[in-house]
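According to my numbering, the residues represented by the sequence shown are 168 to 422, in order. To keep things clear, I will list the structure first and then write my remarks on it.
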Amino acid sequence: MKLKNKVAVITGGNSGIGFGIAEALKNEGAVGVITGRNQTTLDSSTIQLGVGFIGIKGDVTNLDDLENVFKVTALKFGKIDTLVVNAGGIVDGVPMADINDVTEENYDQYMDLNLKSAYFTVKKALPYLNDGASVILIGSSAAHRAAPGMTIYGAAKAAVISLAKGLSLDLLSRKIRVNTLSPGSIDTPVFGKIVPQEQVDAVKKLWIDITPAGRQGVPSDIGKAAAFLASDDSAFIIGTEILSDGGLTNLSLMK
Ligand SMILES: NC(=O)c1ccc[n+]([C@@H]2O[C@H](COP(=O)([O-])OP(=O)(O)OC[C@H]3O[C@@H](n4cnc5c(N)ncnc54)[C@H](OP(=O)(O)O)[C@@H]3O)[C@@H](O)[C@H]2O)c1
Numbered sequence: 168m169k170l171k172n173k174v175a176v177i178t179g180g181n182s183g184i185g186f187g188i189a190e191a192l193k194n195e196g197a198v199g200v201i202t203g204r205n206q207t208t209l210d211s212s213t214i215q216l217g218v219g220f221i222g223i224k225g226d227v228t229n230l231d232d233l234e235n236v237f238k239v240t241a242l243k244f245g246k247i248d249t250l251v252v253n254a255g256g257i258v259d260g261v262p263m264a265d266i267n268d269v270t271e272e273n274y275d276q277y278m279d280l281n282l283k284s285a286y287f288t289v290k291k292a293l294p295y296l297n298d299g300a301s302v303i304l305i306g307s308s309a310a311h312r313a314a315p316g317m318t319i320y321g322a323a324k325a326a327v328i329s330l331a332k333g334l335s336l337d338l339l340s341r342k343i344r345v346n347t348l349s350p351g352s353i354d355t356p357v358f359g360k361i362v363p364q365e366q367v368d369a370v371k372k373l374w375i376d377i378t379p380a381g382r383q384g385v386p387s388d389i390g391k392a393a394a395f396l397a398s399d400d401s402a403f404i405i406g407t408e409i410l411s412d413g414g415l416t417n418l419s420l421m422k
């Protein structure tokens, strides 16, 4: 119970990796809040998490919604010890695409969801964070390794890795540590947002084939790493990136 009674907020905690992180933090004794826009999955996820967790609806690209999330969290639980900036990925109804098919609007939507929202989630949380808090930004192996259609998404996540450095410096006087946790290919509902359901298994297999660990990650893989970054066990880890990607970024399977 390394996080006993610590207060955590996990954005996008109603699905996939975010839910896996919420479960892992809860298993270490944390209480707190998951956020998302979908009330149905927020409700089912908070029921699954059980006592100690509530859901707050909000869009991370809307600064008023972010403000509300942290205000309500503080009223209910007091100041926050762990902030997990996880919401992101696919913009609803806007497939990832290569430069020939991307419009200026698409570019802004992807940057808003995957970069701007991360910065302003941290900024809006600041008045409600305890000194010494741990902030975990969810990056991606896509920041390091290009994949079809992922150019803007990868660039946004590369910038997120940079944010962890700059924000750690900005927040040094409050001893707030900001680190990026970058997943490789993780088995979550996101694949159903990228390709039609009947193609999901084939796409997952493509990722498994290039992942040295020989499998996709599962949300609990990322959850356990997040629990480490949230705890004092990682007290000396500041402004850096941890990859949890089964070797995808740094190992080549070329024969
Ligand atoms: N799965 C992977 O292979 C993988 C790999 C590397 C990095 N990641 C990163 O991991 C994070 C989670 O991805 P996932 O795979 O778990 O995807 P997911 O299952 O699609 O979950 C995405 C989460 O983000 C929330 N979200 C999306 N847009 C939002 C918005 N505008 N405002 C508030 N919440 C929003 C969603 O909730 P609502 O729809 O209810 O808003 C949902 O909870 C993302 O940052 C993604 O880029 C994933």
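Cβ coordinates follow ideal geometry from the N, Cα and C atoms, glycine included.
Cβ-based neighbour list, residue i, same chain, cut-off 8 angstroms, excluding 5 preceding and 5 following
i: ASN235; result: ILE223 and GLY225
i: GLY381; result: ILE375 and GLY413
i: MET108; result: Outside the shown range of the chain, which is 168 to 422, sits residue 108, and nothing can be said about it.
i: ASP399; result: LYS169
i: ALA241; result: ILE247 and TYR295
Cutoff 6 angstroms; reference residue i; Cβ partners in own chain excluding five residues on either side
i: ALA292; result: PHE237 and LEU250
i: LYS332; result: GLY406
i: VAL239; result: ILE223
i: ARG312; result: THR416
i: ASP248; result: LYS173, VAL174, ASN297 and ALA300
Test: residue i CB closer than 8 angstroms to a CB of chain D
i: LYS291; result: The structure shown contains no chain D; it holds only a single protein chain.
Cα-Cα separation, residue i to residue j
i: THR202; j: TYR320; result: 21 angstroms
i: LYS169; j: ALA393; result: 12 angstroms
i: GLY414; j: LYS372; result: 16 angstroms
i: LYS324; j: ASN172; result: 31 angstroms
i: LEU216; j: PHE186; result: 9 angstroms
i: GLU195; j: THR178; result: 18 angstroms
i: PRO363; j: ASP268; result: 19 angstroms
i: ASN253; j: ASP210; result: 18 angstroms
i: MET218; j: LYS422; result: The sequence shown places Val at residue 218, not Met. Spanning the two alpha carbons is a distance of roughly 50 angstroms.
i: VAL367; j: ASN205; result: 22 angstroms
i: THR207; j: ALA189; result: 17 angstroms
i: LYS391; j: ILE343; result: 20 angstroms
i: ASP388; j: ASN273; result: 31 angstroms
i: ASP279; j: THR228; result: 6 angstroms
7 angstroms CB neighbourhood of residue i in its chain, flanking five on each side removed
i: TRP374; result: SER352 and GLN383
i: LEU420; result: ILE377 and PRO379
i: THR213; result: ILE201, PHE220, ILE221 and GLY222
i: ASP232; result: GLY225 and ASP226
i: THR347; result: LEU304, GLY306, VAL327, ILE328, ALA331 and GLU408
i: LEU418; result: PRO379
Closest by C-alpha distance to residue i, when choosing among the options
i: GLY180; options: GLY199, ASN172 and LEU170; result: GLY199
i: ALA264; options: SER211, ASP400, PRO315 and LEU192; result: PRO315
i: LYS360; options: GLY255, LEU339, ALA191 and SER411; result: GLY255
i: GLY260; options: ALA310, GLN276, ASP248 and LEU336; result: GLN276
i: ILE404; options: LEU282, ASN281 and SER301; result: SER301
i: LYS283; options: ALA322, GLY245 and THR270; result: ALA322
i: PHE287; options: THR270, GLU271 and LEU230; result: LEU230
i: ASN281; options: ILE257, ALA369, VAL176 and VAL385; result: ILE257
CB-CB length for residue i against residue j, believed under 8 angstroms
i: ALA326; j: LEU304; result: Actually they are not in contact, since the Cβ atoms of ALA326 and LEU304 sit about 10 angstroms apart, beyond 8 angstroms.
i: VAL345; j: LEU339; result: That pair is no contact at about 10 angstroms.
i: GLY183; j: VAL357; result: 6 angstroms
i: SER349; j: LEU396; result: Not quite, the Cβ-Cβ distance comes to about 12 angstroms (not below 8 angstroms), so this is no contact.
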